[in-house]
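For the sequence shown, position 93 matches number 92 in numbering that gives the first Met the number 0, and the numbering has no gaps at all. We put the CB at the ideal spot given by N, CA and C, even for glycine. These notes concern the structure reproduced below.
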Amino acid sequence: MAAQAGRRHRGLSTMRDPRYDILFEPVKIGPVTAKNRFFQVPHCNGMGHAMPLAHAAMREMKAEGGWAVVSTEECEIHPSGDLTPYVEARLWDDRDIPALALMCDKVHAHGALAALELTHNGPTASNLYSREVLIAPSHQPTKYGYPHQARAMTKHDIREYRRWHREAAIRGRRAGMDIIYVYAAHDLSLAMHFLQRRRNQRSDEYGGSLENRVRLLREVLEDTKDAVGDTCAVALRFATEELLGPGGVERAEAREIVAMLAELPDLWDVNVAAWYNDSVPSRFAAEGAQEPFIDFVKQTTSKPVVGVGRFTSPDTMVSQLKRGVLDMIGCARPSIADPFLPRKVEQGRVDDIRECIGCNICVSGDMTISPIRCTQNPTMGEEWRKGWHPERIAPKRSAARVLVVGGGPAGLEAARALGQRGYEVSLAEARKELGGRVTREARLPGLAEWARVRDWRVGQIRKLANIAVYLDSVLTAQDVLDFGAEHVVIATGCHWRRDGYGRSHGAAIDGFVDGARIYTPDDLMDGHLPEGRVVVFDDDGFYHAGIAAEALRLRGCEVAYLTPEDSVAPWSQHTLDYRHIRKRMAKLGIEAIVSHDIVGYAGSTLVLENVWDHQRRALACDAVVTVTARLPDDALYQELLRRESDWPAAALQSLRCIGDAEAPGLIAHAVYAGHRYARELEEPAAVGVPFKRHFHIE
Ligand code: ADP
Ligand code: SF4
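Structure below.
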């Protein structure tokens, strides 16, 4: 093996940097006081009312990690605002109180305040479960394409809606909530729908003029203050811009609304709508990107203002406070990636912060109706069902040595977490740099922040004297056996196929052979680039093909994006990337050809076939980038399996293959696999289902 990579040992500082003192000042919010300025704003998690124990344990981590306020996700107030299939919080009647009380108790145990985001989503609900008729300011289609409409609310409906909201606020207080939100953001609640001209075409006192369109929001704020305002703070979550022109809330009108309601809520939580403009992936928006849309609010109200911007840098946070943009630092994703972010700032451990990379895999949990997961934080969503803590891990069981082969996200996380357990760990990496696919992908346009997956782990590894890192070390099976570690984990990654096999093709594509001008994402990342007219063939459906197209276009190629799917990068809908990808492709002049497959490639002619009518056409192109499927680089693992008879002499007790070398997936899968390997090494194997589940029995 090559020389060990340089390692620095840094003592743990426990002194907070005085520059950050301002972040730890208490903030009075109506009748309650937040102990510092770190505010975990509401965020979905795919667990909600269906998995209350898992939900409460996840929120508890935030409180333990130092957030002064820990919020729920959206909380439905009535069956006529049912969000099925999405799993959010619910307060339809008293029987929903205990689930949220669980969260409040856990949040309070760490001295944090619990906040509840009440909502009735009107035409942006579904009622697929309740089968109630949807309601809206005026007759209109549903937002998400359900084949039923919402009916216009009568005055009676408006009174009922106000009553439901009031009763839910009271239930929230009974659950133990300290802050009750009125929600008028994300194009997701009636209080906002009444503001929007495109949704509110009423001619009574609730429609028309701005004063009329604001009436319901004002009434609900007043109702909530009246119902619970003596002991609970009443927050308003308000979207200042929808980027939709006059049909949506626009900044000019938002300024008037903020002025009209300035002192009514105890706290303003302000952002940009809809969700895809709020939680923008890092590929399309930098830290603090919302500032130009919300910076006017603090000048208009004396009440505290919280806002978001994927803040992970305490310096940026301090700047937001000192420049008078915000009073409290709102975080959803940064609190998911590192629930202990405030604690780390407080303890002078800023370089231990596991910074969010803005990949929005967390969003995909909610979108796919599954519990939240996070690329950076593999314990997210596993706090209750696996008992995983983001900062703590069981000590090692023995003096065994562990060899980790491969320094991508899986290998790095395995090595780091094994090192945290106290194992003697050696990490061998073939290349001259760590990070594997993360390092390579982070060089693609817009993905620079993804390198944080590597950087945090390398930073932690450097602090652990029991982890040795060997770069430039391509290990063979004999090297592994000679090394003599008791446990070996292979995390050697994968590579992209060149033959065109993928979802749409059970066999290679005609003409995708050696010597043809066929490129893969690996080629692009290795700097081996096509020129001229290039077709990027996407049979993968997520980000790789779009980024390849963008990268080549930026280098001057004429680029067409081609997919057998009916839409561009369909999975990117789940990460809120989709619209941004489409806009960027349009801006760069990348032609999108959908519903077409490739049937052959000869010379510089690609033969395409429409997947529906099977009409064929020829497309001239100088090269094809094929983004279809990947194959594990598991030759080392397979060879070691074949040599199992040599293991005893080499003292080898266990061999595992993890991450992309086992089955290619997301970076999140690789990090999770590495973490899981480290957690489970030498621990008793789970009997049966390897996690706890919720059971509902009445
Ligand atoms: P994952 O996403 O599963 O972590 P990556 O492809 O990101 O996978 O990382 C795998 C890493 O393993 C790469 O950096 C690669 O250079 C390294 N690697 C592959 N084969 C070997 C080997 N035989 N010895 C040491 N390192 C290897
Ligand atoms: Fe950030 Fe990605 Fe984790 Fe979401 S999944 S919190 S975007 S690192």
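Taking C-alpha positions only, residue 270 is separated from residue 215 by approximately 20 Å.
Pairwise C-beta distances place the stretch 178-196 in contact with the stretch 216-235, as three or more of them are shorter than 8 Å.
Counting C-beta pairs with one atom in each stretch, the stretch 228-238 and the stretch 250-269 have three or more that are closer than 8 Å, which means they touch. Relative to the ligand ADP, the nearest heavy atom lies less than 7 Å away from the CB of residue 436. Counting the other CB atoms within 10 Å of its CB gives residue 39 a total of 16 or more, which places it among the buried residues. A straight-line Cα-Cα distance of about 60 Å links residue 466 and residue 213. A contact is defined here as three or more CB-CB pairs under 8 Å, and the stretch 383-395 fails this definition with respect to the stretch 639-647. By the neighbour-count criterion, in which a residue is buried when 16 or more other Cβ atoms sit within 10 angstroms of its Cβ, residue 696 is exposed.
Per DSSP, residue 372 is not a residue of any beta strand (DSSP E), being assigned neither H nor E.
Taking a contact to require three or more Cβ pairs closer than 8 Å, the stretch 336-348 and the stretch 59-76 qualify as touching. Between the beta-carbon of residue 589 and that of residue 560 there is about 6 Å, and that keeps the pair under the 8 Å contact cut. Three or more beta-carbon pairs drawn from the stretch 558-574 and the stretch 586-605 are found closer than 8 Å, and the two stretches are therefore classed as touching. Residue 476 and residue 646 have their C-alpha atoms some 11 Å from each other. Per DSSP, residue 681 lies in no beta strand (DSSP E) and is assigned neither H nor E. In its chain, beyond the 5 residues on either side, 35, 36 have a beta carbon closer than 8 Å to the beta carbon of residue 24. For residue 363, there is no enclosing beta strand (DSSP E); the enclosing alpha helix (DSSP H) covers residues 360-366. The closest CA to that of residue 323, considering only 200, 295, 456, 190, is found on 295. Across the structure, residue 149 and residue 111 are spaced so that their CA atoms are roughly 39 Å apart.
Taking the C-beta atoms as reference points, residue 490 is found no nearer than 8 Å to residue 498.
For residue 180, the enclosing beta strand (DSSP E) starts and ends at 178-183. Between residue 230 and the set 439, 29, 670, the nearest pair of CA atoms involves 29. Bounds of the alpha helix (DSSP H) holding residue 211 are 209-227.
Using a 10 angstroms sphere on the CB of residue 143, the tally of other CB atoms stays under 16, which defines it as exposed. Taking a cut-off of 8 Å on C-beta distances, the stretch 40-57 does not touch the stretch 151-161, as fewer than three cross pairs fall below it. Judged by DSSP in its simplified three-state form, residue 605 adopts strand. For residue 473, the CB falls within less than 7 Å of some heavy atom of the ligand ADP. Beta-bridge partners of residue 275 (DSSP): none assigned. When 527, 694, 690 are compared, the shortest CA-CA separation from residue 623 is found for 527. Shown here, residue 542 sits in coil according to DSSP, grouped into three states, outside any helix or strand.
For residue 442, there are no CB contacts under 6 Å within the same chain when 5 residues up- and downstream are skipped. Annotation: the stretch 527-582 contains the following complete segments of the alpha helix (DSSP H) (minimum length 4 residues), in chain order: 543-553. A straight-line Cα-Cα distance of about 43 Å links residue 399 and residue 316. Segment contact: the stretch 674-688 against the stretch 412-419, three or more CB-CB distances shorter than 8 Å; contact assigned.
Each residue's CA atom was taken as its position, placing residue 96 and residue 20 some 37 Å apart.
In the displayed model, residue 109 falls within coil according to three-state DSSP, outside both helix and strand. In this structure, DSSP gives residue 694 a state outside helix and strand, which the three-state scheme calls coil.
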